[in-house]
Structure formats: C-alpha cells, structure tokens
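Working notes for the structure below.
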Ligand SMILES: [Zn+2]
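Residue numbers (our numbering): 257 to 398.
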C-alpha cells in the first residue's frame, strides 16, 4: 500500500491539535514529532483512511504495536483498546495526581492504560515537570 500522503498526515496532526490521541502528550513538550497510528493495524486489515488514523507519540505507538485488545482483570474478558475515532477520551479516562497519571474509568480505559503503558515512569516524570510549568494536562480532551 502507498505511503500516507503529506496532506493526510497534516490533517491527522491538525485534527489532534498536535497531541497524542492516547496519552494527550503535546508534540510541543516532547521535542520530537508525533507519528501516525493505524487504529486498526494494517496487519489486521486497517487502511490509510483518515477514519482509521490517529496522531500518536512514539511511546504509545510502540506499546500499542499490533494489539487491538487487552485482557481486563476486573471483568475477565478481552476488551478493545481505546479508539480515538470512536471513543471520547473524557468518557474513558481522567487525570489523577494533579495530571501526572491517567486513570481508566471504564474497561476500555483500564485496558488502554495497561496495554499502552500510559503511566510508564518516564512519562510520569516528564508530566510532573509539565504540570509544574502549567503545560499539562491539556485544557480540553475531546
Ligand atoms: Zn502517547
């Protein structure tokens, strides 16, 4: 399949306000570009359609890999990861500890926090610095 066109890449990043659509990290504070994530991985039949694309930081994209589901220990079933094109962030997550931690509110939120390691120690350390500067958490989380 052909590469994602520059215009579609720009559209996806603008649509996300240049923040990772999973962990809400802004490109502006991490000093590196975001990447395009296929919500449904190409290996599972996902396409380059913008309806299947989201902006992601390297960390979330790597931890997501080709996963689409993660086992939820509370309900003992496989649960689909957060889908930024379908799910609303605020319905599934809330910021904890003043903005340094992401807490899953639903099964989708819980498995996404675990599966994407949204509270890995490196990002939590960075978030504490961003919070101290008033750069984080983002004001709106669509
Ligand atoms: Zn991220």
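Note that beta-carbon positions come from the ideal geometry of N, C-alpha and C, so glycine has one too. The model shown is predicted, which means the values in this text are computed figures rather than measured ones.
With burial defined as no fewer than 16 other Cβ atoms inside 10 Å of the residue's Cβ, what is the status of residue i: buried or exposed?
i, result
"residue 389", "exposed"
"residue 395", "exposed"
"residue 272", "buried"
"residue 377", "exposed"
"residue 265", "buried"
"residue 321", "exposed"
"residue 284", "exposed"
"residue 408", "Since the displayed the chain opens at 257 and closes at 398, residue 408 lies outside it and no answer follows."
Is any heavy atom of ligand 1 found at a distance shorter than 6 Å from the C-beta of residue i?
i, result
"residue 356", "no"
"residue 310", "no"
"residue 275", "no"
"residue 378", "no"
"residue 278", "yes"
"residue 281", "yes"
Just confirm the distance between the C-beta atoms of residue i and residue j, as a whole number of angstroms; I'd bet it's less than 8 Å.
i, j, result
"residue 328", "residue 366", "6 Å"
"residue 364", "residue 343", "6 Å"
Pull up the distance between the alpha-carbon of residue i and that of residue j, whole angstroms please.
i, j, result
"residue 462", "residue 360", "Residue 462 is absent from the structure shown; the chain starts at 257 and stops at 398."
"residue 398", "residue 258", "Bear in mind that the predicted position of residue 398 carries a pLDDT of just 46, short of 50, making it unreliable; the figure below should be weighed with that in mind. Answer to the nearest angstrom: the Cα atoms are 30 Å apart."
"residue 287", "residue 274", "12 Å"
"residue 383", "residue 298", "31 Å"
"residue 310", "residue 301", "16 Å"
"residue 332", "residue 277", "26 Å"
"residue 348", "residue 279", "12 Å"
"residue 296", "residue 381", "30 Å"
"residue 345", "residue 325", "17 Å"
"residue 373", "residue 263", "30 Å"
"residue 268", "residue 290", "10 Å"
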